[in-house]
Amino acid sequence: MTGPVSVLHLTAHLGGGVGKALSGLILNTPAQGGIRHAIACLERPEKTQFIDPLIDSGCPVAIAPDPKNLARMIEEADVVQLEWWGHPAPMAALCAGPMPAMRLLLWCHVSGIHTPVIPQGLIRSAHRCLFTSPCTYEAPEVVGLSPDQNSRLGVVHSAGGFEGLQPPVRQIDDTLAAGYLGSLNFAKLHPDYVEFLTAVPGADFRVRVIGDETNRDILERQCRDAGRPGMLEFRGYRTDIASELAAINVFPYLLNPLHYGTSENALLEAMAMEVVPIVLDNPAERCLVTEGETGLFVRNPREFGEAIDWLARHPQERLRLGRQASLLVRERFSVHRSVTAFERLYREAREEKKRDVDFNALFGHHPSEWFLATQRLPEIFAPDGTVSLGMLSAMILPGLLERTKGTVFHYAAYFPEDLLLKQWADRLGNVNPDSDR
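Shown next, in the form of structure tokens:
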């Protein structure tokens with residue numbers, strides 16, 4: 154086939170990392186490049202920071218289209234790109250009834266190693282399945298694929314670009330200044346984050362915390378209990394990320410080992426600003442940071458304290474790591490690389506025939522089944538409405554207790570008529586996440 158390729162992005166919303174990734178991809182697609190993007194945004198937006206520039210650029214954005222219009226958009230598209238992270242909205246839309254035949258391209262914005270998983274049936278049904286990190290090749294659903302199915306897999310990073318992130322002039326006599334940018338939910342942030350920080354001796358060690366202040370009360374209490382009441386400096390939500398990152402030079406990015414992330418935009422933005430990351434040896438971070446070249450890895454609080462001490466005593470090495478981190482991420486995670494990769498993949502996919510996809514066969518017929526299809530441990534949610542938590546580690550529980558991110562609370566809010574979801578949510582709602590802390 155010749156001529157422009159029309160791509161419909163089917164996404165729950167255009168917020169956060171997904172919004173930045175899609176807007177970066179679409180806004181950097183050359184107008185004369187032969188790719189025509191459109192978006193079906195299934196939720197009404199809370200913020201329009203990524204939607205407005207897309208609309209201004211001429212990209213059609215349909216907000217919460219009804220089933221008839223969504224089916225029409227799917228039918229007219231050459232390629233349907235499903236932005237996947239286990240959100241209930243695409244489940245509801247795709248399982249509402251028979252969908253037109255399509256060329257399905259899956260872009261996975263979670264690792265799939267832990268919850269939320271990427272259902273193997275969905276991977277098999279896609280013309281192309283793309284991961285946002287090589288770490289997803291470790292997911293059980295991917296490991297079990299045949300060689301033929303593996304040939305349809307690939308990696309396209311979801312970094313949305315680093316425009317506006319100009320590193321400051323950093324000097325060898327700069328004092329060490331630490332900061333954190335990202336989620337404070339313990340499904341993402343390591344539940345023992347404060348314990349790591351208190352391994353740094355001296356009451357003058359501070360970490361500037363930028364972003365949503367979820368769990369601020371818990372974190373501040375933990376600091377007081379450790380005798381370091383002023384250790385975290387909460388800055389709140391900031392739109393001028395560049396200025397915040399310019400004020401720090403070390404990035405303690407210590408995440409829950411079972412977190413769902415992949416490209417980790419906050420980490421990449423810090424590295425682009427020559428801020429040295431300190432990370433745990435988790436699958437996603439191993440694909441982003443190179444030990445001793447672009448950052449440091451630690452395994453426990455003691456090693457974290459040693460890493461901070463080493464960076465404080467070796468400012469020249471701190472400068473070297475920061476500069477190399479910036480050079481690497483700006484080249485390796487360039488949005489233009491993603492644009493080029495997708496253009497090739499769209500043209501390849503269009504050469505194949507459209508296929509019917511039975512989403513009910515993939516996910517089930519009821520919202521409670523759709524929820525279970527995304528869970529790494531679905532067996533803890535029993536058919537009688539009980540939830541078995543005895544087998545769970547302390548790292549798993551925070552992810553189950555989130556109110557969004559595809560948890561049972563998220564699905565129960567979306568589908569209040571599903572009694573089983575309500576029962577599971579009620580059981581988990583009585584769990585005290587801080588009972589052992």
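Start counting the sequence shown at 154; every next residue gets the next number (this note's numbering).
For glycine and all other residues, C-beta sits at the position ideal for the given N, C-alpha and C.
Go ahead and pull the three-state DSSP assignment for residue i.
i      : result
TRP238 : coil
HIS190 : strand
GLY458 : helix
GLU229 : helix
LEU258 : strand
GLY389 : strand
TYR406 : strand
PHE495 : helix
ILE142 : No answer is possible for residue 142: it lies beyond the span of the chain, which begins at 154 and ends at 590.
LEU441 : coil
ARG485 : helix
LEU283 : strand
ARG381 : coil
ALA578 : helix
ARG556 : coil
VAL296 : helix
LEU542 : coil
Measuring only the C-alpha atoms, how far is residue i from residue j?
i      : j      : result
TYR290 : GLY239 : 18 Å
LEU372 : GLY552 : 17 Å
PRO382 : ARG556 : 28 Å
LEU329 : PRO220 : 54 Å
PRO243 : ALA437 : 25 Å
LEU161 : VAL492 : 15 Å
PHE524 : VAL232 : 26 Å
ALA566 : SER396 : 37 Å
ASN453 : ASP345 : 10 Å
ARG388 : ILE363 : 5 Å
PHE450 : LEU441 : 11 Å
PRO569 : HIS563 : 10 Å
LEU411 : PHE339 : 10 Å
ASP537 : LYS341 : 30 Å
HIS518 : ASP571 : 12 Å
VAL347 : GLU444 : 23 Å
LEU498 : GLY169 : 25 Å
PHE358 : GLU456 : 16 Å
LEU167 : CYS282 : 20 Å
GLY335 : THR155 : 43 Å
MET255 : VAL429 : 44 Å
Excluding the 5 residues preceding and the 5 following residue i in the sequence, name in chain order all residues of the same chain whose CB lies nearer than 8 Å to its CB.
i      : result
ARG277 : LEU298, GLN302
ASP589 : Its pLDDT being 45, under 50, ASP589 is placed unreliably in this model, and the coordinates cannot settle the point.
GLN477 : GLU446, THR447
GLU294 : GLY265, VAL270, ILE271, PRO272, GLN273, ILE276
GLU470 : TRP463, LEU464
VAL360 : ALA331, GLY332, TYR333, LEU350, MET384, LEU385, GLU386, PRO405
Answer with yes or no whether the minimum CB distance from residue i to chain D is below 8 Å.
i      : result
VAL347 : Judged by its chain identifiers, the structure shown contains no chain D, having just a single protein chain.
Could you please give the first and the last residue of the uninterrupted alpha helix (DSSP H) stretch that includes residue i?
i      : result
PRO520 : 520-525
PHE516 : 512-516
GLY552 : 550-553
VAL362 : Segment 360-363 is the beta strand (DSSP E) holding VAL362; no alpha helix (DSSP H) there.
TYR413 : Element bounds for TYR413: n/a, residue is neither H nor E.
PHE562 : 561-567
GLY169 : 169-180
ARG533 : The amino acid occupying residue 533 in the given sequence is Ile; Arg does not appear at that position. Careful: ILE533 lies outside any alpha helix (DSSP H) and carries neither H nor E.
ALA395 : 394-399
Our contact map puts residue i next to residue j with C-beta atoms below 8 Å; I'd like the distance itself, whole angstroms only.
i      : j      : result
LEU474 : GLY448 : 6 Å
ALA230 : LEU258 : Not a contact, Cβ separation roughly 10 Å.
THR415 : SER521 : 27 Å between Cβ atoms; not a contact.
LEU247 : PHE512 : 4 Å
ILE533 : VAL540 : 6 Å
ALA216 : ARG197 : It should be noted that the sequence gives Ile, not Ala, for residue 216. ILE216 to ARG197, Cβ: 6 Å. Contact.
VAL488 : GLY313 : 6 Å
VAL561 : ALA535 : That belief does not hold up - the Cβ atoms of VAL561 and ALA535 are roughly 12 Å apart, past 8 Å.
ALA241 : GLY559 : In the sequence under discussion, the amino acid at residue 241 is Pro, which differs from the Ala named in the question. The pair is a contact, with the Cβ atoms about 7 Å apart (cut-off 8 Å).
Starting from residue i, trace the beta strand (DSSP E) both ways and give me its first and last residue.
i      : result
HIS162 : 158-164
ALA352 : Segment: none, ALA352 is in no beta strand (DSSP E) and carries neither H nor E.
TYR290 : It is not in any beta strand (DSSP E) - TYR290 carries neither H nor E in the DSSP assignment.
GLY332 : 331-334
PRO430 : 429-433
GLY307 : 306-308
PHE450 : 449-451
If I measure Cβ to Cβ from residue i and keep anything under 6 Å in the same chain, skipping five residues before and after, which residues do I get?
i      : result
ARG189 : PRO157, SER159
GLN528 : THR268
ILE461 : VAL353
MET226 : LEU161, ALA193
PRO321 : ALA399
In its own chain, which residues sit with a C-beta less than 7 Å from the C-beta of residue i, not counting the 5 before and 5 after it?
i      : result
ALA224 : MET252, PRO253
ALA425 : PHE315, LEU318, SER479, VAL482, ARG483
LEU472 : ARG323, ILE325
ALA249 : PRO220
Does the ligand NAP have a heavy atom nearer than 7 Å to the CB of residue i?
i      : result
GLY177 : The model on display carries no ligand, and the ligand NAP is accordingly not part of it.
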